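Structure, as structure tokens:
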Amino acid sequence: MSDKNALVPSQEKGGALELGGDSQDFVTANIGKQLFGIPVLTVQDVLGPQRITRIPLSPPEVAGSLNLRGRIVTAIDVRKRLGLRDREDDEPGMSIVVDEGGELYSLMVDQVGEVLSVPKKAFEQNPATLDPRWREFSDGIFRLDKKLLVILDVTRLLDFTSSIKQAG
Amino acid sequence: MDDLLSEFLTETSESLSTLDVELVKLEQNPNDPDILSNIFRLVHTIKGTCGFLGLPRLEAVAHAGENVLGKIRDGELVVTPDAVTLVLESIDTIKYLLGELEQNEAEPDGNDADLIGRLNHFADTGQIPGGAPAAAAAPAAEEADEEVPMTDDEKLQAAFDAAEYDPDFEVPDEPAAAADPEPEAPAKPAAPPAAAKSQEVAPAKKAAEKPKAEAPRAEAKESSVAAQTIRVNVELLENLMTLVSELVLTRNQLLQMVRGKDDSEFTVPLQRLSHITTDLQEGVMKTRMQPIGNAWAKLPRIVRDLALEMNKKIDLQMIGADTELDRQVLELIKDPLTHMVRNSADHGLEDIPGRRDAGKPETGTVTLNAYHEGGHIIIEISDDGRGLNLERIKAKAIANGLATESELEGMGEQQIQQFIFKAGFSTAEKVTSVSGRGVGMDVVRTNIEKIGGTVELKSVEGRGSTFIIKIPLTLAIVSALIVESGGERFAIPQISVLELVRASNNSEHSIERIHDTPVLRLRNRLLPLVTLKKILGLDTTQESDDAVDEEAFIVVAQVGTYSFGIIVDRVFDTEEIVVKPVAPILRDLSLFSGNTILGDGSVIMILDPNGIATRTGEITVGGSQGVEGKAKADASDRETTSMLVFRAGGSEVRAVPLALVARLEEIDVENIEHSNGRPLVQYRGKLMPLVFIDGSYQMKSEGRQPTLVFQDRERTMGLVVDEIVDIVDDVLNVELTADQDGLVGSAVIDGKATDLIDAGYYLELAFSDWFGTEDNGGEKKRVLLIDDSPFFRNLLTPMLSVAGFNVTAVENAEQAMDLKNRGVLFDAIISDIEMPGMNGFEFAEALQDDAEWGEIPIIALSSHTKEEDFERGRQVGFSDYVAKFDRDALVSTLIQTLSSM
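Line order of the protein sequences matches chains H and W.
Taking the working numbering, I'd label the letters of the first sequence as residues 1 to 168.
Taking the working numbering, I'd label the letters of the second sequence as residues 1001 to 1901.
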């Protein structure tokens, strides 16, 4: 039973919508020292630490699944996905829940920040020298005052088929 | 009222209301092809359904209406208000007829020749008879008055038209009628109205009037059946079901919270909530329930057509058609069911001469039987046909490379029959239009297993087959056993759980190990075990194994006919769970069939026993002992046999099929006694002889000696070995060796050349004195063994030699005839029945009149052991008949036969 015809309508869906304005909104998240952005309209929820059920035999990036108000959400360890080391401190971490193809995924990050509205003219393509894994998952970069905001492409981040091939 | 009829009424009255609207639209936009084709389609559907239900009067009207619409659609006629009125009139008539139908469950008497006449006239000429333009806007009743001045010519024309068009009415029925030697009921009624019409030209006007008078009443009526049912989008129901499932979960959650708190103020309201939730769940489930008869509706027709095509007489019996099951499940089993009934009718049942020869009534029966049994629905499909032909399945299995001959010989009937569920397996000699394309039972099985069901098969050759399908009533909510392993909880669907066993070292059930492979003795069987922790990769500690063995829970699960045990750490209770599919990125984890949220709000994975069985190297052919272990990944999708690998006397490894080993024991050397020079041990209150792998074998002088215990009915025998090495699942491919006592041959097992020992030989070794064939000093009797299977020749030759015979083995009757022609003489002949070329019966017949060999007793050897076979065997001159697998009987029969000479 999928929820494609849910009686209770699920929240607005949508990708990085071009709103026609001069700026775009992103939910920002920190992983390590890097700032990431996820298009605000794909985000369903922001969660604190959750009880996560491990899923044996699943890809290492899949941290497990959790119950979000009666829906089962698959938790993805974004650190592992980006090829980063596990966190050293014991901070509990936070999650951003996104909807991808009718399924909910919880992206585990270190810290969730604010919603940033960034001017479109600050957009840059990924530098060609970026780590190929990052390049695959990133839509591009926004120049902020003091930092760089890496935009995550949720669809590609959650497309495990291609990365499984990569891993061989 | 007949279900079909009431459904028809509901549907048609809906179509008719649509038609009214559409027709008026058409009048406004006469050139809109979409509206027109929609109207045409609706009328056509009504006509078609009437024909199907055998409602000639309705059909005639609808047909005439359709005719007019067809011409309009083809551009031969133009849409005028008159035309629309005329068509509306026919629709009113249909409404009236429907009203009557609803009341009396039969069409009213009378006919509509007048209306049909006018419709046809219009269709032919484009003219409205009676110059009806005035009637266009006028109410129907007035229009009837207008018709009175119809001229005689016009009446005649109408009658003529009606008559002329009648043959058309039969058209839809004709193919059926032509195909069937007996005229079909629906074809008949079309004729009488035609006759009636030409006679009743005068009263026709009244008949035409009548509908108009009754039209308002009919309109009021039409809704009464329709009002009892409403059409609801299936998706809405699905959503309701989802919500109810969530509600059930939440209720469970609340119950769990309150459990253990006796005097909670929530207890009473919660109880009410619980009741209501249960009722609601049942109610919503009911909306999804449909009688299984819906899935069967097509079958009588399929079977009938099949009977004609195949020239068989088939009686399809359907029992329990009103057994209800979930709509979703129903949809999913529809095709498998159809396929299986087809199979039964096509492959299962013999043709008429075949049945006569088999002494059965000419009419074969295919029976469908559905009933509920504890949360499941059981559907049995049985036929009284020829049953599964084991030999053909075997041949096919070998031809397809699904199993080797030696594997087949070791399999029981049940196991061999299971082959029909393999992909690409069809034993039909030829591909008919009906079945035999080889995409059959495997798909059926897969489909049924997909919805958590199982298929079982029982077949007796010559008497028929029965397929038993067991499926859960609903897919949405299932009962599952919650277990814990490696600190995580998992759900196992209750349908595949047979029992729970608690194993500990001091209870009667304890886990034993063969190498590192755990097994459990359960009611005289060795049950292969898998450790859930291990296959899930949750086993982090090295030593945990032994800890588990101290106290472990074993969930005995069954997949098809294969059962195995799953070792878990803890068992909680059973819980109703709602199966939710896993996220797409986890779909390829075959061990899980879904996930769910438990009462306490946590997410848990639902284990798929099928997946576990496949994972552990179980071969889909049931019964063989798939054991977790060294099965290589690439071997897992091929047929494997579990072999017990051991060492005895020397460094080379030997193996024996695990299925033959009853138990593994360690015998204290001190307990070994000797009797008559033979080592014995007291075992389970009996004396068990011990044998050694060969004469030069040396036992340990102290300590414990591992022993393989073989059991053959009452007798047990222990084969003393040095060390049990492993249990290996591997493709068994015996490369035969020359006669060497005690060896079947050599095979590559787990990458090593391994001698495969012949358990039968050692059994005979232990019990040869039972037959009194110990060397009696006399000359050895000469026995000729004819069997086309090298496996059997290699099995029986040493065995008979040991029992004191001089055996000559040949592989077919022709070779035996050669020996005869060369003048070789034997004291007895043992012959297989099924052989390529000359078979056993023919061979025996050929010998009957022979001067030299005619007197030699012949013992038939066959896997067939039915009364008829015995009879036939005796007639052609067999002196006795022995089942192929019954070695002891063979030896004793041989001795008896020879001593009576």
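Think of the CB as a built atom: it goes at the ideal place given N, C-alpha and C, for glycine as much as any other residue.
These numbers were taken from a predicted model, which means no experiment stands behind them.
query	result
Alpha helix (DSSP H) segment containing V1087 (chain W), residue limits	P1081 to N1104
Nearest to A1766 (chain W) (by Cα), restricted to the options W:N1676, W:C1050 and W:A1846	W:N1676
Inter-residue Cα distance where the pair is L1644 (chain W) and D1755 (chain W)	11 Å
CB contact flag (V1329 (chain W), V1366 (chain W), <8 Å)	no
Where the alpha helix (DSSP H) containing N1400 (chain W) begins and where it ends	Looking at the DSSP string, N1400 (chain W) is not in any alpha helix (DSSP H), and its letter there is neither H nor E.
Any chain W beta carbon closer than 8 Å to E88 (chain H)	no
Against chain W: residues of the stretch 71-105 of chain H by CB proximity under 8 Å	I72, T74, G101, E103 and Y105
Cβ neighbours of D153 (chain H) in the same chain (closer than 7 Å, five flanking residues each side left out)	F137, S138 and D139
The alpha helix (DSSP H) enclosing H1376 (chain W), as first and last residue numbers	First-last for H1376 (chain W): H1376 to D1383, but that is the beta strand (DSSP E), not the alpha helix (DSSP H).
Segment contact, 8 Å Cβ cut-off, at least three pairs: the stretch 1591-1606 of chain W with the stretch 1550-1557 of chain W	no
Chain-order list of residues whose beta-carbon lies under 6 Å from that of S1624 (chain W) (same chain, five-residue window excluded)	Unreliable positioning characterises S1624 (chain W) in this predicted model, as indicated by a pLDDT of 33, which lies under 50. A coordinate reading is not provided.
Reference V1460 (chain W), options W:E1405, W:R1523 and W:E1391, closest by Cα	W:E1391
N1343 (chain W) versus W:S1465, W:R1251, W:L1077 and W:F1008, residue with shortest Cα-Cα distance	W:S1465
Contained alpha helix (DSSP H) runs [length at least 4] in the stretch 1253-1314 of chain W, N- to C-terminal order	1267-1288, 1293-1296 and 1299-1310
Interface residues of the stretch 1580-1593 of chain W facing chain H [CB-CB below 7 Å]	K1580, A1583, P1584, I1585, L1586, L1589 and L1591
Minimum C-alpha distance to A1106 (chain W) - residue among W:E1089, W:N1067 and W:L1055	W:L1055
V1234 (chain W) (DSSP reduced to helix, strand or coil)	helix
Residue-chain proximity (T42 (chain H), chain W), Cβ-Cβ < 8 Å	no
is_contact[A1633 (chain W), chain H] using C-beta, thresh 8 Å	Residue placement at A1633 (chain W) is flagged as unreliable, the pLDDT there being 30, under the threshold of 50; a coordinate-derived value is accordingly withheld.
Cβ-based burial, F1564 (chain W) [other Cβ within 10 Å; buried from 16]	buried
For V1068 (chain W), the nearest candidate out of W:E1089, W:L1053 and W:G1823 (CA to CA)	W:E1089
Paired residues, beta bridge with I1834 (chain W) - DSSP	It should be noted that the sequence gives Glu, not Ile, for residue 1834 (chain W). Answer by DSSP bridge pairing: none, since E1834 (chain W) is not bridged.
Straight-line gap, G1854 (chain W) to H1509 (chain W) (C-alpha atoms, nearest Å)	58 Å
Boundaries (first-last residue) of the beta strand (DSSP E) holding N1524 (chain W)	No beta strand (DSSP E) holds N1524 (chain W); DSSP gives it neither H nor E.
Test: G168 (chain H) CB closer than 8 Å to a CB of chain W	Low confidence applies to G168 (chain H): its pLDDT is 34, below 50, so where it sits in the model is not reliable enough to give any reading.
Paired residues, beta bridge with S138 (chain H) - DSSP	H:L152
Buried versus exposed call for T1716 (chain W) [16 or more other C-beta atoms within 10 Å across all chains shown]	buried
Same chain only: Cβ atoms within 6 Å of L1527 (chain W), ignoring 5 sequence neighbours per side	L1520 and G1565
Residues from the stretch 27-59 of chain H in contact with chain W, defined by Cβ distance under 9 Å	R51, I52, T53, R54, I55, P56, L57, S58 and P59
Minimum Cβ-Cβ distance from E1488 (chain W) to chain H less than 8 Å	yes
P1269 (chain W) classed as buried or exposed, judged by whether at least 16 other C-beta atoms fall within 10 angstroms	exposed
Cβ distance (whole Å) where E1100 (chain W) is taken to contact P1108 (chain W) below 8 Å	4 Å
Three-way DSSP call (helix, strand, coil) for A1321 (chain W) in this model	coil
Supposed contact pair I96 (chain H) and V150 (chain H) - C-beta distance, whole angstroms, cut 8 Å	Rounded, the Cβ-Cβ distance is 14 Å, inconsistent with contact.
is_contact[L1890 (chain W), chain H] using C-beta, thresh 8 Å	no
C-beta neighbour in chain H for L1069 (chain W), strict 8 Å	no
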